[in-house]
Amino acid sequence: MADAAGAGTVIVGAGPAGLLLAHLLLQAKPKPHFLPVRVFEARNDPRTPLPLYKERQYCVGLSARGQDGIKRVDGLWDEVEKRGMPSSQFVLHTGNRAIALKRNPGKPSLLINQRALAATLVSELESRYSKDDLEVNFNTRCERVDFKSRTVSFNGKSENPVSYNLLVGADGARSAVRNEFITQRGFDYKQTNMPYTFKVLYVPRPPELSEEAVHAFRVTKDDAVDENGKQSGGFKLPFTGTASKTSLRFSCFPTPGDGMSVLIEWSPGTTPTELLSIKSAGELKTYIEKYMPPLKVPVEAAEVFINQRPTSSMKVYCSKFHDAGGKAVLIGDAAHAMSNALGQGCNSSLQDVVTLSQCLHEVEDLTKALERYTEKQTREDHAAAYLSEFAFPQAKWVLPFFYLGNIAQPALGKVLPPSILAPPIQSLCSETLTPYSEIVRIHKRWLSFVEITNKMAASKGPDS
Ligand SMILES: Cc1cc2nc3c(=O)[nH]c(=O)nc-3n(C[C@H](O)[C@H](O)[C@H](O)COP(=O)(O)OP(=O)(O)OC[C@H]3O[C@@H](n4cnc5c(N)ncnc54)[C@H](O)[C@@H]3O)c2cc1C
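When we follow my numbering, the leftmost residue of the sequence shown carries the number 649, and every step to the right adds one.
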């Protein structure tokens, strides 16, 4: 089929990956058959103001790789930076102690709310490009893709399917575009539910929690029940162990304006029934302030939290990222949603965008460009997913070695060469552009060890 005039590029999904791709494609002055660039997003416009506490989705940490992607668009980083908070520390609170797992203060991550990031990327797109070259549609959900006729059908849009010369599935872990890939031969696909569920609470930042750090707390709960509905016991002191049947994790991300976005997570079999059955703001306030005394919960924030449904995420594996016909491609979570333990999901997604836009720019033939993208990015993204899964030990007996190693590394790293003591996985992932596949190679022994001990711990049950 010849390229249709005016069919251009269709990007499904206006998350960070889809929107950054629109920027990079348009900045590179694309070949005429890639124009116009049309973005279709199922949700509403992220610039629509929402009542305080309502717009607070979870925060992501944009580290070296994400920043590298955004900085490739002239002046874009300056705008994004204004909406987030720089952070170079991760503080683990355990009992009365706070262990600062320091990172390099010269290379902070930017903590930014998902919606604020999308809003900035859209505003900048619309201010830079004319309607002839760019169209961003909200409240428009992709329902179906037809690779044969090169068309996409949307609800909320006209009944006529939209044609494309290049189709990009940037529609997240539950991608509708990917559904059409799954029907193709030679496309191996696997999805797995991630072993945790979360809700987000937005509160004013307590002064004792520094605005430069992400603060992580783990508390055991007296309302947690196991799979058999059995109560798991009374309140215990917070502990640093992991995968306890009774643990709730609180990760606190400072936000601009002295706020704090608190991600509250729990694992399967530990459903905090008391927390989830709370119906009044007063009860929630008492509950949170009992277990997380520094947090003070305004009534409006409590109400938003109570009405929010718990979210669970999933991991996605695709053996390749382009379709057999060579006109459609997957980027970001649609191609490789991964555990958020290392904070690399968004960062790796923005690197997909860098690679894809380079391939499209450098390789004349579209099919070959997409093949090259798949070849480069599957290796990297599969490595990123492996790192996210096995960088952190789950077995309790391995944890002290992990924490000791992290605490001693900065001092030892100054005297020992990297060939003897390599920088930690977290630092290599978040502070450098070292390919993920290279990080796997450098830390192969540790990763294999954690893979084995994590699997053993999982088979023995949550208290091992
Ligand atoms: C709790 C949590 C914390 C995280 N923290 C970090 C972190 O610190 N650092 C990090 O790098 N990553 C983090 N991540 C991962 C990160 O959020 C994702 O990897 C990132 O958002 C992927 O971007 P994306 O653009 O590919 O997909 P998404 O952000 O999921 O965007 C996809 C877009 O497509 C839209 N869409 C979906 N279906 C359709 C459809 N059928 N039609 C049209 N539009 C559609 C969606 O509404 C959405 O706007 C975290 C994830 C979670 C859950």
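By construction, the Cβ of each residue, glycine as well, lies at the ideal position given by its N, Cα and C atoms.
Taking buried to mean at least 16 other C-beta atoms within 10 Å of its own C-beta, is Leu1060 buried or exposed? exposed
Do the CB positions of Ala766 and Leu667 come within less than 8 Å of each other? yes
Do Gly817 and Ala982 have their C-beta atoms closer together than 8 Å? yes
What are the residues that DSSP puts in a beta bridge with Ile760? Val708
For Leu1069, I'd like the list of residues in its chain whose CB is within less than 8 Å of its CB, leaving aside the five on either flank, ordered along the chain. Gln1057, Leu1060 and Gly1061
In chain order, what residues of the same chain have a beta carbon less than 7 Å from the beta carbon of Met1104, not counting five sequence neighbours either side? Ala1043
Exposed or buried, which one is Met962 when buried takes at least 16 other CB atoms within 10 Å? exposed
Mind checking whether the beta-carbon of Pro946 lies closer than 7 Å to any heavy atom of ligand 1? no
Residues bridged to Asn803 [DSSP beta-bridge criterion]: Arg789
Since Asn1054 is in the beta strand (DSSP E), which residue starts that stretch and which ends it? It is not in any beta strand (DSSP E) - Asn1054 instead sits in the alpha helix (DSSP H) that spans Leu1047 to Val1063.
So, helix, strand or coil for Asn841, using DSSP? strand
Spatial distance of Arg853 from Pro843 (CA atoms): 28 Å
Simplified DSSP assignment, three categories, for Ser1075: helix
Identity of the residue in Glu689, Gln705, Ala653 and Thr696 nearest Leu911 by Cα: Gln705
So who's on the other strand from Ile979, going by DSSP bridges? Bridge partners of Ile979: none, in fact.
The segment 666-680 contacting the segment 743-762, beta-carbon criterion three pairs below 8 Å: no
What runs of the beta strand (DSSP E), each 3 residues or longer, lie entirely inside the segment 930-960? none
Excluding sequence positions up to five away, which residues of its chain have a Cβ less than 8 Å from the Cβ of Leu669? Ile659, Val816, Ala818, Ile979, Val1001, Leu1004 and Ser1005
Are at least three pairs of beta-carbons, each pair with one atom in the segment 984-991 and one in the segment 1032-1047, less than 8 Å apart? yes
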